[in-house]
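Heads up, the sequence shown is in this note's numbering, so the first residue is 0 and it goes up one at a time.
Think of the CB as a built atom: it goes at the ideal place given N, C-alpha and C, for glycine as much as any other residue.
From a predicted model like this one, the values you see are computed outputs, not experimental measurements.
Take a look at the structure below.
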Amino acid sequence: KFFDILRFEPAAILWCRVPGAPMMSGMADDGVSVQVSEKFLMRNDYCQTYVDSGMRPQNYIRDLDYSNRYSEYPKIERLIKLKDEILAKRATPAMSLKCDLKNFDLGSLGTKFDVVLVDPPWEEYQSRVAGMYVPNEDLSYWSMEELRHLRVGDAADTQSFCFLWCGETHLENGRELLKRWGFRRVEDICWVKTNRLAKTDHSGKVERPTLMYGDTSICQRTKEHCLVGVKGTLKRSVDTHFIHANCDVDLIMEEEKVFGSTEKPKEIYETIEHFCLGRRRLELFGLDRNLRDGWLTLGRGLTTSNWNKAAYLSWFEGDGQWPEVKDYKGGRLLGSIAEIETLRPKSPVRPGRQRSKTPIRSLRDKPSSSHSGGRRDRGGSGGGGGGGGGPSNSHNHDDDFDKPLPEDLGEMAPPLPRDDGVRGQ
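This is how it looks when you write it as structure tokens:
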């Protein structure tokens with residue numbers, strides 16, 4: 000679906016025919032019609048544009064800004080507008096706590112969080128600037144051993160998410176940390192950096208790249224990764240009170256920051272808030288620029304602290320949610336409305352996974368009037384209400400439905416069965 004949205008600037012399209020040259024007729028030397036050749040040899044030579052000017056190919060994708068991205072998709076545009084209106088009214092005031100995370104106990108915050116956003120001080124952030132000074136940045140890095148001892152899992156609720164920025168070279172380290180903190184990796188969000196605003200010389204060529212890399216780079220690096228991990232069991236088609244999947248794409252295209260900056264695109268916050276309906280959001284290693292309504296920000300680089308434990312915990316008391324509660328006081332869930340449920344993208348039903356509202360029962364089972372079509376309480380699965388001594392067809396059917404899909408399991412999903420034709424190779 001994302002590529003339905005991409006539209007390239009016409010000015011960047013290059014034709015094979017020399018401008019002003021007359022249209023030739025007949026056959027070329029290779030026996031191909033010239034008209035056919037000119038028709039199908041049109042190409043967007045963004046690679047050559049990058050070689051000549053330093054302007055990256057992704058610069059020429061139109062409607063990159065979030066406000067105009069869905070202008071031709073009214074349903075998605077309406078969905079995002081409705082979600083943003085609820086988020087604005089339900090967002091708690093921004094809170095910050097200046098602390099050294101090397102010796103700070105995250106459990107002392109007094110609550111568990113639905114989302115934890117982490118941008119660790121990776122070694123890459125220091126090495127890519129080749130020792131040059133970067134204003135307003137502390138590029139001293141943590142070792143992997145220090146990051147392993149960061150107890151992120153203790154601050155995350157039993158059902159929660161962790162968004163972990165990994166730069167370009169720390170993907171394997173990020174996977175290890177997610178597993179150590181108790182999360183399963185389920186997604187990878189990629190930030191592709193544009194340089195539309197880069198300073199150019201008199202010939203129109205970019206004066207210098209905003210980031211420098213050492214001898215380890217093979218290609219020009221114009222992206223960063225954010226791994227997404229899930230804790231607990233969550234299913235998109237059932238836990239819709241907590242997650243709304245597929246509202247955004249896994250690709251962020253935004254201008255690269257100034258030389259050596261570790262600042263990340265603001266769109267990551269919007270992606271998280273549209274996706275997870277839990278209101279308790281925590282960001283680690285934050286700076287003043289990361290302060291945002293709806294978030295608690297922790298970090299050594301903060302200049303102020305307004306942390307008030309009692310006030311913060313009071314904002315999530317009770318079970319209220321939108322539309323019953325129309326401000327930030329009350330309930331840990333955001334809430335939703337019927338129109339959002341209608342507009343938001345749904346996961347397709349896979350063959351053999353359909354679940355009837357009326358449960359399948361064997362002839363020996365006696366119909367129960369108390370059964371509802373929603374999700375059953377698993378705690379009562381071993382109790383009364385059944386007929387015979389063995390398991391019923393309903394039990395087998397529901398157990399099969401409750402098994403998470405491979406994409407819900409993330410990296411813990413079992414490997415796909417091998418084809419018989421491949422085994423002999």
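Contact between the region 113-128 and the region 266-278 is present, with at least three C-beta pairs closer than 8 Å. Note that the C-beta distance between F315 and L276 is not below 7 Å. Judged by DSSP in its simplified three-state form, G231 adopts coil rather than helix or strand. In the structure shown, K345 adopts coil according to DSSP, grouped into three states. Taking the C-beta atoms as reference points, G231 is found no nearer than 7 Å to T91.
Residue pairing for A155: DSSP places it in a beta bridge opposite F112. Closest option to K345, judged by alpha-carbon separation, among F258, S70, K97 and L78: L78. Around the CB of G285, 16 or more other CB atoms lie within 10 Å, so the residue is classed as buried.
Contact between V191 and Q57 holds: CB atoms are separated by about 5 Å, below the 8 Å threshold. Between Y49 and the set L105, E84, T199 and S66, the nearest pair of CA atoms involves T199.
Boundaries of the alpha helix (DSSP H) harbouring K88: P73 to R89, taken from the DSSP string.
Distances from the alpha-carbon of L342 to those of Y311, K328 and A244 put A244 closest. Measuring C-alpha to C-alpha distances from N194 to each of F103, Y59 and H169 identifies Y59 as the nearest.
Residue burial annotation: A337 is exposed, with fewer than 16 other C-beta atoms found within 10 angstroms of its C-beta. Assigned with DSSP and collapsed to three states, G106 falls in helix. T261 sits in coil when the DSSP states are folded into three classes, being neither helix nor strand. The beta carbons of Y65 and E254 sit about 13 Å from each other, so the pair does not count as a contact at 8 Å. By the neighbour-count criterion, in which a residue is buried when 16 or more other Cβ atoms sit within 10 angstroms of its Cβ, G330 is buried. When DSSP states are grouped into helix, strand and coil, K325 belongs to the coil group.
When C-beta atoms of the region 141-158 are compared with those of the region 85-99, fewer than three pairs fall below 8 Å, so the two segments do not count as touching. When rounded, the separation of the alpha-carbon atoms in L281 and H201 is 46 Å. Going by DSSP, E269 is part of the alpha helix (DSSP H) stretching over E266 to F274. Its chain contains D99 as the residues whose beta carbon lies nearer than 6 Å to that of R299, once the 5 sequence neighbours on both sides are disregarded; these appear in chain order. In the DSSP annotation of this structure, the continuous segment of the beta strand (DSSP E) that includes W190 starts and ends at R183 to T193. C-alpha of V185 to C-alpha of L170: approximately 13 Å in a straight line. In the three-state DSSP reduction, M131 falls in the coil class, being neither helix nor strand. CA-CA distance, G152 to F182, rounds to 8 Å. Taken atom to atom, the span from the alpha-carbon of F160 to that of G203 is near 44 Å. The Cβ neighbour count for L312, taken over all protein chains shown within 10 Å, is under 16; the residue is labelled exposed. By the neighbour-count criterion, in which a residue is buried when 16 or more other Cβ atoms sit within 10 angstroms of its Cβ, S335 is buried. Of the residues D51, W306 and P119, the one whose Cα lies closest to the Cα of L283 is P119. Counting only residues of its own chain and dropping the five nearest sequence neighbours on each side, D318 has a CB closer than 7 Å to the CB of G330. Beyond the five residues adjoining it in sequence on each side, I85 comes within less than 6 Å, by CB distance, of W321 in the same chain, given in chain order.
The beta carbon of T168 sits closer than 6 Å to those of E123, all from its chain and outside the five residues before and after it, given in chain order. Taking all protein chains in view, the Cβ of N135 is surrounded by fewer than 16 other Cβ atoms within 10 Å, so the residue is classified as exposed. Contact between V133 and S260 holds, with the beta-carbon distance rounding to 7 Å and staying under 8 Å.
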